[in-house]
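I have placed the structure first, in the form of structure tokens, so that the comments after it can refer back to it.
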Amino acid sequence: DQQVKQNSPSLSVQEGRISILNCDYTNSMFDYFLWYKKYPAEGPTFLISISSIKDKNEDGRFTVFLNKSAKHLSLHIVPSQPGDSAVYFCAASARATNAGKSTFGDGTTLTVKP
Amino acid sequence: NAGVTQTPKFQVLKTGQSMTLQCAQDMNHNSMYWYRQDPGMGLRLIYYSASEGTTDKGEVPNGYNVSRLNKREFSLRLESAAPSQTSVYFCASSEGWSNQPQHFGDGTRLSIL
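One line per chain: the protein sequences are E and D, in this order. Just so we're aligned: the first sequence equals residues 1 to 114 in the working numbering. Just so we're aligned: the second sequence equals residues 115 to 227 in the working numbering.
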């Protein structure tokens, strides 16, 4: 039973437009959510996070929205740039979890076309 | 400013051979993790170490062992490699709290023939 799901394996957008990446979760114990970005042949790098006490967190071109009732979060990138082309992983963790473990989704490959 | 360093970057093994993947972090983090990533899939947790001296199984521990040698180093051992263990292995570290991100190494690409 996959607790964190990214239902879109890939997304293609035009440079300058908005990219919206989605993530759903099933475990109501999750109270912290993170997005990581991964380029080929590199490890994932942390992008942005949100606590369950908030419904929005913004950092420059990146905004994460959390809808707790729907158990859904999304990452918005505005405007999208070719350098944003990467795999994006959604992750979730619970305060009660030992060692700050996170559960990861399968990733969405974003392609931003010039 | 190394962060998390994994060695080797690439390795080819024959079925039945043993191998240890090395990981070291220089951020004084408490917790460390080993993941595997298969094509089209996310990161699956193999083992983790909440703090120096402790290790616990993750989602897919079978066929692996780990050692938290000290606060900096966390190694992953394959005792008898199998083709199903062909994957990209990532080591990560964090402060160990749920609201702290993990920092990843660049991975070890392991092929088992």
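Don't be surprised by glycine CBs; every beta carbon is placed ideally from N, CA and C. These numbers come from a predicted model, not from an experiment.
Interface partners of residue i on chain D, CB under 8 Å
i, result
"residue 106 of chain E", "154, 155, 156"
"residue 65 of chain E", "Residues of chain D passing the Cβ test: none, with the nearest at roughly 18 Å."
Where residue i sits in the DSSP three-state scheme
i, result
"residue 199 of chain D", "helix"
"residue 91 of chain E", "strand"
"residue 99 of chain E", "helix"
"residue 55 of chain E", "coil"
"residue 118 of chain E", "For residue 118 of chain E there is no data in the structure shown, the boundaries of chain E being 1 and 114."
"residue 2 of chain E", "coil"
"residue 169 of chain D", "coil"
"residue 28 of chain E", "coil"
"residue 13 of chain E", "strand"
"residue 158 of chain D", "strand"
Cβ-based burial, residue i [other Cβ within 10 Å; buried from 16]
i, result
"residue 168 of chain D", "exposed"
"residue 60 of chain E", "exposed"
"residue 39 of chain E", "exposed"
"residue 146 of chain D", "buried"
"residue 44 of chain E", "buried"
"residue 6 of chain E", "buried"
"residue 124 of chain D", "exposed"
"residue 224 of chain D", "buried"
Residue i: first and last residue of the uninterrupted beta strand (DSSP E) it sits in
i, result
"residue 37 of chain E", "32-38"
"residue 113 of chain E", "108-113"
"residue 180 of chain D", "178-182"
"residue 118 of chain D", "118-121"
"residue 63 of chain E", "62-67"
"residue 174 of chain D", "Unbroken run through residue 174 of chain D: none, as it is neither H nor E."
"residue 19 of chain E", "19-25"
Within chain E, the residues that residue i reaches when beta carbons sit closer than 8 Å
i, result
"residue 220 of chain D", "41, 42, 43"
Sheet register partners of residue i (DSSP bridge)
i, result
"residue 211 of chain D", "For residue 211 of chain D, which the question treats as bridged, DSSP gives no partner whatsoever."
"residue 163 of chain D", "D:146"
"residue 134 of chain D", "D:191"
"residue 206 of chain D", "D:147, D:218"
"residue 50 of chain E", "E:33"
"residue 127 of chain D", "D:226"
"residue 74 of chain E", "E:22, E:65"
Partners in chain D for residue i, counting only beta-carbon separations shorter than 7 Å
i, result
"residue 34 of chain E", "215"
"residue 99 of chain E", "145, 162, 164, 210"
"residue 51 of chain E", "213"
Proximal chain D residues relative to residue i, where beta-carbon distance stays under 9 Å
i, result
"residue 95 of chain E", "211, 212, 213"
"residue 62 of chain E", "Here the premise fails: no neighbours, minimum Cβ distance about 14 Å."
Under 7 Å from the C-beta of residue i: neighbouring residues of chain E
i, result
"residue 159 of chain D", "101"
Chain E contact residues for residue i, given Cβ-Cβ distances below 9 Å
i, result
"residue 204 of chain D", "43, 44"
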